[in-house]
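In the numbering used here, the protein residues as written are 1035 to 1530.
Beta carbons are placed, not taken as given, at the ideal position from N, Cα and C, and that holds for glycine.
The next block holds one structure in the form of structure tokens; read it before the comments.
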């Protein structure tokens, strides 16, 4: 009997030594690898936050995805300590500043401080010294993640994206706020000198822990987490302040922008609409054609100069700035294109036009705008929409078919083409960058400006063709036709 017990005991020892223990060591090594990965991922995120001054939704989501590779479930604690330094005036008992008598808010008593004495509650305080108080405010992961979950179209401070883009660098609030930045999504910003920390620990029971409990017969009733990482930093930079590159509208002249930081930027442009009845109306005929929209990314280095030409809406028979074509005496001018270039000069300079990075075409101008004109009616000569690889053709008597049969001609079989939309490849013989002016002295619309401008109408009661867009100078480019009414605009946003 004793021999059998020894044999069983020996088998158990052998199982532990040759099977369970090696497996425990292997799973322990897996936990060590998970810990090393978590340390590296957390330190990389912390360094990124320290050097940039922000935590973006994209950064946080990528961090969570990387942690998932370790196979563990984590409790994550993020903390941001924001410091504000408020100036105060200190009054001491004597000139040696040994005993502090009273402190005063600088904003309230600044004029008395300049006079050397402060009157307060019937007393006069001298021996004044300017100092400051440091106030600390702590923001937890719940508050930070709430901000990161806000929709991209809003800003935590209550400002629109356009308003934020026009805030001076020194006027951006020091308190945490959200900025919406292109493909980064929502961004939680911090100020230089603030503290940021992140602490993670696994909350699941790892396989190594199960083996350990088995081998020790459950002696470790309150085990320590296998992965515990605590990293912190002091914010060294505020790169988000360089994101406010520009967001502007029509000026009638070239606008110059200098890139402050090397990186990838999102470029967006909106072409101007042609003159005529309201382009947004679904009822009126002889509408001005809407301008197009284009966007794309471009890697730009610090100090690069960009030249932006924002298209102007057609006005009367005159075409808008940056390529809008003139109309006949009773017609309406085409809208100008909006584009971003790397070479400046007058808008129609050949070298400058050849340097265009991205273009949104302008809409074609309408024919005359009589009070009885209705959409699709016999007098509807609306302008074609701008934008896209090919601008849209203009309308003649309610149709924009490429082959319009002139029913007023003595020979009904004569085909008169509608105004041609600008073509990205230059088809149609239209001039590079702007619409041909009309040669018909009647109620015909002018073409829209574009990478290639639209043609004017070839028939009375006809609207001009829309200008084409172009995205050959950017990556991840997209174009839309007939998006914008009124003058053009543009936006340049830092991505990463």
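- For residue 1269, the secondary structure class from DSSP, reduced to helix, strand or coil, is coil.
- Where residue 1116 is concerned, the enclosing beta strand (DSSP E) starts and stops at 1108–1126.
- When beta bridges are read from the DSSP output, residue 1333 appears opposite 1298.
- Counting only runs that start and end inside the region 1347–1434, the alpha helix (DSSP H) elements of at least 4 residues fall at 1384–1388.
- Your pair residue 1425 and residue 1354 does not check out as a contact, with CB atoms roughly 14 Å apart and the cut at 8 Å.
- As a beta-bridge residue in DSSP terms, residue 1153 pairs with 1158.
- In this structure, 1165 is the residue among 1165, 1112 and 1405 with its C-alpha nearest to the C-alpha of residue 1136.
- Non-local C-beta neighbours of residue 1431 in its own chain, meaning closer than 6 Å and more than five positions away in sequence, comprise 1412 and 1495, ordered along the chain.
- Around the beta carbon of residue 1344, 16 or more other beta carbons sit within 10 angstroms, so the residue counts as buried.
- If the five residues before and after residue 1170 are omitted, its C-beta is found closer than 7 Å to the C-beta atoms of 1115 and 1117, all from its own chain and listed in chain order.
- With a threshold of 16 other beta carbon atoms within 10 Å, residue 1398 meets it and is buried.
- When 1095, 1110 and 1374 are compared, the shortest CA-CA separation from residue 1262 is found for 1110.
- Counting other Cβ atoms within 10 Å of its Cβ, residue 1239 stays below 16 and is therefore classed as exposed.
- In the DSSP assignment, residue 1291 is bridged to 1340.
- In its chain, beyond the 5 residues on either side, 1301, 1340, 1342, 1391 and 1392 have a beta carbon closer than 6 Å to the beta carbon of residue 1374.
- By the neighbour-count criterion, in which 16 or more other beta carbons inside 10 Å mark a residue as buried, residue 1333 falls on the exposed side.
- Three or more beta-carbon pairs separated by less than 8 Å link the region 1289–1301 to the region 1314–1333, which places the two stretches in contact.
- Ranking 1140, 1113 and 1128 by CA distance to the CA of residue 1119 puts 1140 first.
- Under the three-state reduction of DSSP output, residue 1229 falls in the strand class.
- Taking the Cα of residue 1290 as reference, the smallest distance to any Cα among 1271, 1360, 1337 and 1113 is reached at 1337.
- Boundaries of the beta strand (DSSP E) harbouring residue 1524: 1523–1528, taken from the DSSP string.
- When the beta-carbon positions are compared, residue 1318 and residue 1408 come within less than 8 Å of each other.
- For residue 1073, same chain residues with a beta-carbon under 6 Å away, outside a window of 5 residues either side, are 1263 in chain order.
- For residue 1135, no alpha helix (DSSP H) encloses it; the enclosing beta strand (DSSP E) starts and ends at 1134–1139.
- With contacts defined by Cβ atoms closer than 8 Å, residue 1360 and residue 1367 form a contacting pair.
- Judged by beta-carbon spacing, residue 1310 lies beyond the 8 Å limit of residue 1269, meaning their Cβ atoms are not closer than that value.
- Nearest to residue 1080 by alpha-carbon distance, out of 1129, 1266 and 1223, is 1266.
- CA-to-CA, the gap between residue 1108 and residue 1234 works out to about 6 Å.
- Ranked by Cα distance from residue 1145, the options 1127, 1387, 1131 and 1122 are led by 1122.
- Taking C-beta atoms as the reference points, residue 1523 and residue 1304 count as a pair closer than 8 Å.
- Contact annotation: residue 1283 and residue 1395 have beta-carbon atoms that are not nearer than 8 Å.
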